[in-house]
Structure formats: C-alpha cells, structure tokens
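**Q** To start, I am sharing the structure in question, which I have written as structure tokens.
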Amino acid sequence: MQTEEIKQAAADVLSNYSKFTMACIGNKVRPCDMRLHLMKEISGVHTSLKRETSQVAASPDAMGESSSSGTVRL
Numbered sequence: 001m002q003t004e005e006i007k008q009a010a011a012d013v014l015s016n017y018s019k020f021t022m023a024c025i026g027n028k029v030r031p032c033d034m035r036l037h038l039m040k041e042i043s044g045v046h047t048s049l050k051r052e053t054s055q056v057a058a059s060p061d062a063m064g065e066s067s068s069s070g071t072v073r074l
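Under the UniProt record's numbering, the sequence shown is numbered contiguously, ending at residue 74.
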C-alpha cells in the first residue's frame, strides 16, 4: 500500500509541475518570475505578473540564458 501512495504522490508532483510549466509558457515568463508572483500572491502582497514581465523584458536574459558571445539562447 505504501508503494502505491509513493507512486501517486510522484504522479501528483509531476502533474502540478506540468501545470506550472504550461502557465509559465502561456504567460511568457521565466519560472523564477512565476514563483515570485505566486509566493507574493499567497502572502497577500499586491503583485501583477504583467508589470513584472515588462520590467524584466528590458534585461538581456528575459526569456533565455545569455551566452558568452552576448546572444540569447532559448
């Protein structure tokens, strides 16, 4: 019985992470920005994902990693 519970817990985690990933893709935000937004929302702090995204868009690493050559890798 315990093995089935562990399998179910792992499946639940994977399902939740998949939903989180799809939300990041759908909102065109980095996972770290989405996590911060959700943590603020849960804490009752006023937050807006759209405003945070526009501020982040000015950075060179808006949606990917900067490489040593200065280009952005997605």
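For glycine and all other residues, C-beta sits at the position ideal for the given N, C-alpha and C.
How about Ala23 and Met39: do their beta carbons lie closer than 8 Å?
**A** Translated into the one-based positions of the sequence shown, residue 23 becomes position 23. Translated into the one-based positions of the sequence shown, residue 39 becomes position 39. Taking 8 Å as the Cβ cut-off, Ala23 and Met39 do not qualify as a contacting pair.
**Q** Report all residues from its chain with a CB closer than 6 Å to the CB of Pro31; omit the five preceding and five following residues, and keep chain order.
**A** Numbered from 1 along the sequence shown, position 31 holds the residue referred to as residue 31. Same-chain partners within the cutoff: Cys24.
**Q** Residue range of the alpha helix (DSSP H) that Ser48 falls in?
**A** Taking the sequence shown and counting its residues from 1, the one referred to as residue 48 is at position 48. It is not in any alpha helix (DSSP H) - Ser48 carries neither H nor E in the DSSP assignment.
**Q** Within 10 angstroms of its Cβ, does Val29 collect 16 or more other Cβ (buried), or is it exposed?
**A** On the sequence shown, position 29 is the one that residue 29 refers to. The residue is buried, with at least 16 neighbouring Cβ atoms inside 10 Å.
**Q** Which of helix, strand or coil does DSSP assign to Lys19?
**A** Along the sequence shown, read from residue 1 onward, the residue named residue 19 stands at position 19. Helix at Lys19.
**Q** What does a CB cutoff of less than 8 Å around Ile21 pick up in its chain, not counting 5 residues either side in sequence?
**A** Position 21 of the sequence shown holds residue 21. At residue 21 the sequence reads Thr, which differs from the Ile that was named. Around Thr21: Pro31.
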